[in-house]
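Visitor: Here our numbering is used: position 367 in the sequence shown is 367, and no number is missing along the way.
C-beta atoms are modelled at their ideal positions from N, C-alpha and C, and glycine is treated no differently.
Take a look at the following structure, please.
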Amino acid sequence: MSLYMKMKNRMIEKHPIAVDKYAHYVNSIDDISNKQRLIGYMYFLKLLITDNRINKIKIGEYEDSEREDVEKIIGKLMKYDVISFDIFDTLILRMVEKPEDVFNIIGLRKNITGFAKIRKSAEAYCYKQHGSKTTINDIYARLHAVNGLDSAELIDEEFSVEEMLVTPNPYMKKIYEAMVAAGKKVIIVSDMYWPSDYMEKILAKCGYSGWNHLYVSCDYDASKYSGKLYELVIKDLSSGERVIHIGDNYNADIKNAKKKKINTLYYKSVGQRGEKYRHTSPSDRSVGVSVANALVNNEIHNGISLLNRYEKYGYIYGGILVAGYCDWINKVAAEKNVDKLLFLARDAEVMYNSYKDYFCKYDCEYVYGSRRSVLLLVFEKYPELFVERILKERAEEYNMTIEDTLKESHMDCIIDRLSEINLNKDDIFNLHNYTSVAELIYRYKNDILNGLDGMLDAARKYWQNVIGNNKTIAFVDVGRRGTIPVVLNLFFNHVCNMNVKVYSIQIGTRREEWNKTEYEQAAMLSYCCSSDYNTRWNDYYNYDLGRIIIVETLFSSNANSLLEYELDKNGQCQLKYQETSNKNEEIINSIHNGIDLFVKQYRQVENALDLTIDIAGENAIKPIFYVKNSDKYICNLFKDYQFRRAAGGAGADVALSDYLKRNGYL
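What follows is the structure in structure tokens.
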């Protein structure tokens, strides 16, 4: 491989977003000149610098979302007689990241291939021909002439989609209403191809009323961009009236207004404020990503958010992952003819609540199983699974005596036989004696099985009741190894002879020797990454412990872990839980509240548009992976989050931020 290709591949690997943006820029130019090529190189250099800064952001997004207090702004505006507002990105926000994404949605709804491209092309042509007097009718007349599209139908469709996607800016609405209440003359000034009768409907949809005059560029053949629309505003002023204009476009709303001697107040748009935190290249920005990014920008950066810092964390980093995952779950369930979805406690709790409340298309249930409890169910046929998955972990990470370890595992019967391997029940169970204890377990396997009969009967009753007559089920979990679904498949079909097809739906999957059968047979289905799919993210998801822990903070639960299935006095199954104190209850609730709010809003957009807006798994998990680069943010956020790597084991809880720093993950 040449040096050039090595450098190119390295650049793509280290700066994929910058490279993609540069390629998008080059492809947008039909005949690139030397001058444009030089400008392009300078643009690429800027992208690299920006990308480097993105990867080293030290401040949390929620900390970077503050704006000047609304009441202070209102106080400053009181000295003016006329208050002028821009519309889009000032008074009104869209629930898509870029205006042209409206056209992508129209293309999806009307099944018109490449609609966004031809719609933008028609608009550019009309502005070149007609200037600021260009209207929506002109644009669609061009589309009809060139592409044969139905103008009237598509004008109605575009306006309908615009109405579905607009939402009031709470920060600016409070200012607007204060100005109206104070008796100020309120005017609205916009460069737009929708005539004023349409714009009035948009404003009314967002709850705005009481303005004195609405200036729209296409009605006057004058724009803010040229400055001529401001001249009309000045002409309509009464003698001595002081005016100030508020807007988000620095050139059109600020510089050009100042040129006409109009005072200004710059409101940096939520999109500009949030852009450096959105790790999205042009090729990544699907409609789903656009909606997700817009929701985050609108909520976090408008200037008024009632969410606390943990709710914002859940909203920004967990919302997109859970919303995208739930849509994908329905897609997979349809493809695999799933009869029932089983969400595994405890990690899938927030996903179950989101699915049940907003996405439910299939019979679903929140079910209980822990690795320890289900591995005991197949101990007769697969004792090594319990030994390797549970006991080895205890030996590596827990500071427990051999006696406590065996009692916890229902293997009390071999405690008195420890002398056979020259060990004492009070010895600490560790990797030095792990192999000897394992051999003792295999030697007395039948004795151990005699003590598991009640548990097996209880578990059989529990799962038969859950599964019923369904023939195809799918477990839903955060996943990696997929231990619980794989083991329960063995229990259902090899121990209980239920003859049920079992799938495991997971965020990510890690292929190992023991789960290869399920993996190769496509019974383990991964949304974001696996050993063969999005492998870059798979390395993060399965092997970068720092990132694994951060992902787990999104899906932690306040519920206790299942210890075992047992029979009550009536011979019915009852669940026995591990009793532990939870010091993170308020934090976990806040994170889940933030996730729930995002998912609710995302689903409202889908329902309004009557579309399922897919988010690719790679894009859904990207935000939470990137946040690990923000060391200071993570340290500040999780300084009060109590953590113990070996949950349930001996040892003191520590602040999660301290654990991550101490072990070199930050």
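1) Can you pull the DSSP bridge partners for L525?
2) Quick check on DSSP: helix, strand or coil for H245?
3) Taking the alpha-carbon positions, what's the D101 to N584 distance?
4) Excluding the 5 residues flanking N470 on each side, which residues of the same chain have their C-beta closer than 6 Å to its C-beta?
5) Quick check on DSSP: helix, strand or coil for C206?
6) Under 8 Å Cβ to Cβ from N534, same chain only, skipping five residues before and after it: list those, please.
7) Would you check if the distance between the CB atom of K425 and the CB atom of L418 is smaller than 8 Å?
8) Can you find the residues in the same chain that come closer than 7 Å, C-beta to C-beta, to D248, ignoring five residues on each side of it along the sequence?
9) Tell me whether the beta-carbon of N308 lies closer than 8 Å to the beta-carbon of S590.
10) If L563 sits next to Q574, beta carbons under 8 Å apart, how far is it from one beta carbon to the other, in whole angstroms?
11) Expressed to the nearest angstrom, what Euclidean distance is found between the alpha-carbon atoms of V478 and L525?
12) Name the two residues that bound the continuous alpha helix (DSSP H) containing R109.
13) R53: buried (16+ other C-beta within 10 angstroms of its C-beta) or exposed?
14) Can you find at least 3 beta carbon pairs, one from the stretch 426 to 445 and one from the stretch 456 to 465, that sit closer than 8 Å?
15) Taking the beta carbon of R662 as the centre, do at least 16 other beta carbons fall within 10 Å, making it buried, or is it exposed?
16) Are S561 and S370 closer than 8 Å when you measure CB to CB?
17) What residue does the alpha helix (DSSP H) around C218 start on, and which one ends it?
18) Taking Cβ positions, are I300 and K312 nearer each other than 8 Å?
19) For E365, count neighbouring Cβ atoms within 10 angstroms of its own Cβ and tell me buried if that reaches 16, exposed if not.
20) Grouping DSSP H, G and I as helix and E and B as strand, with all else coil, what is G577?
21) Quick one: residues in its chain with C-beta nearer than 6 Å to the C-beta of I588, no 5 flanking neighbours on either side, listed in chain order?
22) Given a threshold of 16 other Cβ atoms within 10 Å of its Cβ, counted over all protein chains shown, does L609 qualify as buried or as exposed?
23) Could you confirm whether any beta carbon from chain D is found closer than 8 Å to the beta carbon of E365?
24) If you count every other CB in all the chains shown that lies within 10 Å of the CB of R536, and 16 or more means buried, which is it?
25) Give a yes or no on whether the C-beta atoms belonging to V82 and L203 are separated by under 8 Å.
26) Excluding five sequence neighbours on each side, which residues of the same chain lie with their C-beta closer than 7 Å to the C-beta of V180?
27) When DSSP labels each residue in this structure, what does P195 get in the three-state scheme?
28) In terms of alpha-carbon separation, which member of L567, T553 and I595 lies closest to Y352?
29) Could you check whether L376 and L452 sit closer than 8 Å to each other, using their CB atoms as the reference points?
30) Does the separation of the CB atoms of I473 and V502 fall below 8 Å?
31) If we ignore side chains and look at the alpha-carbon of each, how far apart do I448 and R346 end up?
32) Would you check whether the ligand COA has a heavy atom nearer than 7 Å to the C-beta of K255?
33) Give the range of the beta strand (DSSP E) segment to which R94 is assigned.
34) How about P670 and I304: do their beta carbons lie closer than 8 Å?
35) Looking at C-alpha atoms only, which residue of Q506, I505, L488 and I507 is the closest neighbour of M498?
36) Taking buried to mean at least 16 other C-beta atoms within 10 Å of its own C-beta, is E71 buried or exposed?
Guide: The structure says:
1) The residue given as residue 525 occupies position 525 in the sequence shown. Its beta-bridge partners are I505.
2) Counting from 1 along the sequence shown, the entry for residue 245 is found at position 245. Reduced to three states, the DSSP call for H245 is strand.
3) Along the sequence shown, one-based indexing puts residue 101 at 101. Along the sequence shown, one-based indexing puts residue 584 at 584. Rounded to the nearest angstrom, the two C-alpha atoms are 40 Å apart.
4) Against the sequence shown, residue 470 aligns to sequence position 470. Correct list, in chain order: D339 and K340.
5) In the sequence shown, residue 206 corresponds to position 206, counting from 1. In the structure shown, C206 sits in coil (DSSP, three-state: anything other than H, G, I, E or B).
6) Here residue 534 refers to the residue found at position 534 of the sequence shown. Result list for N534: C528, G617 and E618, in chain order.
7) For this step, residue 425 is matched to residue 425 along the sequence shown. For this step, residue 418 is matched to residue 418 along the sequence shown. Yes, the pair counts as a contact, with Cβ atoms nearer than the cut-off.
8) Here residue 248 corresponds to residue number 248 of the sequence shown, with the count starting at 1. Here the set comprises D86, D89, T90, Y267, K268 and S269.
9) Locating residue 308 in the sequence shown gives position 308, counting from the first residue. Locating residue 590 in the sequence shown gives position 590, counting from the first residue. In this structure, S590 lies closer than 8 Å to N308 by Cβ.
10) Position 563 of the sequence shown, counted from the first residue, corresponds to residue 563. Position 574 of the sequence shown, counted from the first residue, corresponds to residue 574. Actually they do not touch by this definition, with Cβ atoms about 11 Å apart.
11) On the sequence shown, residue 478 is found 478 positions in, with the first residue counted as 1. On the sequence shown, residue 525 is found 525 positions in, with the first residue counted as 1. So the alpha carbons of these two residues sit roughly 11 Å apart.
12) The count along the sequence shown starts at 1 and reaches residue 109 at position 109. Here the alpha helix (DSSP H) through R109 covers D101 to K110.
13) By one-based count along the sequence shown, residue 53 stands at place 53. Confidence at R53 is low in this model, with a pLDDT of 49, below 50, so the placement of that residue is unreliable and no value is reported for it.
14) no
15) The sequence position of residue 662 within the sequence shown is 662, counting from 1. With fewer than 16 Cβ atoms within 10 Å of its Cβ, R662 is classed as exposed.
16) The count along the sequence shown starts at 1 and reaches residue 561 at position 561. The count along the sequence shown starts at 1 and reaches residue 370 at position 370. Yes, these two residues count as a Cβ contact at 8 Å.
17) For the purposes of this step, residue 218 is taken as the residue at position 218 of the sequence shown. C218 -> alpha helix (DSSP H) spans S217 to Y220.
18) The residue labelled residue 300 in the question sits at position 300 within the sequence shown. The residue labelled residue 312 in the question sits at position 312 within the sequence shown. Contact flag set, yes.
19) Here residue 365 refers to the residue found at position 365 when the sequence shown is read from its first residue. With fewer than 16 other Cβ atoms within 10 Å, it is exposed.
20) Counted from its first residue, the sequence shown places residue 577 at position 577. Sequence inspection shows Tyr at residue 577; the Gly mentioned does not correspond to that position. It is a strand residue.
21) Counting from 1 along the sequence shown, the entry for residue 588 is found at position 588. So the qualifying residues of the chain are S556 and N558.
22) The count along the sequence shown starts at 1 and reaches residue 609 at position 609. Buried, because 16 or more other Cβ atoms sit within 10 Å of the Cβ of L609.
23) The structure shown has no chain D; it contains just one protein chain.
24) Taking the first residue of the sequence shown as 1, we reach residue 536 at position 536. R536 is exposed by the Cβ-count criterion.
25) Here residue 82 refers to the residue found at position 82 of the sequence shown. Here residue 203 refers to the residue found at position 203 of the sequence shown. No, the pair does not count as a contact, with Cβ atoms beyond the cut-off.
26) By one-based count along the sequence shown, residue 180 stands at place 180. Closer than 7 Å at the Cβ level, and outside the excluded window around V180, lie V186 and G210.
27) The count along the sequence shown starts at 1 and reaches residue 195 at position 195. Of the three classes helix, strand and coil, the one that applies to P195 here is coil, per DSSP.
28) As a working note, residue 352 is residue 352 in the sequence shown. Measuring from the Cα of Y352, the nearest candidate turns out to be I595.
29) By one-based count along the sequence shown, residue 452 stands at place 452. By one-based count along the sequence shown, residue 376 stands at place 376. For L452 and L376, yes; Cβs fall inside 8 Å.
30) Locating residue 473 in the sequence shown gives position 473, where the first residue counts as 1. Locating residue 502 in the sequence shown gives position 502, where the first residue counts as 1. Going by C-beta atoms, I473 is nearer than 8 Å to V502.
31) The residue labelled residue 448 in the question sits at position 448 within the sequence shown. The residue labelled residue 346 in the question sits at position 346 within the sequence shown. So the alpha carbons of these two residues sit roughly 28 Å apart.
32) This structure simply doesn't include the ligand COA, nor any ligand for that matter.
33) Working through the sequence shown from its first residue, we reach residue 94 at position 94. Counting along the chain, the beta strand (DSSP E) containing R94 begins and ends at I92 to R94.
34) Any question about residue 670 goes unanswered here, given that the chain covers just 1 to 666.
35) The count along the sequence shown starts at 1 and reaches residue 498 at position 498. Residue L488 is the option with its Cα nearest to M498.
36) Counted from its first residue, the sequence shown places residue 71 at position 71. Under this definition E71 is an exposed residue.
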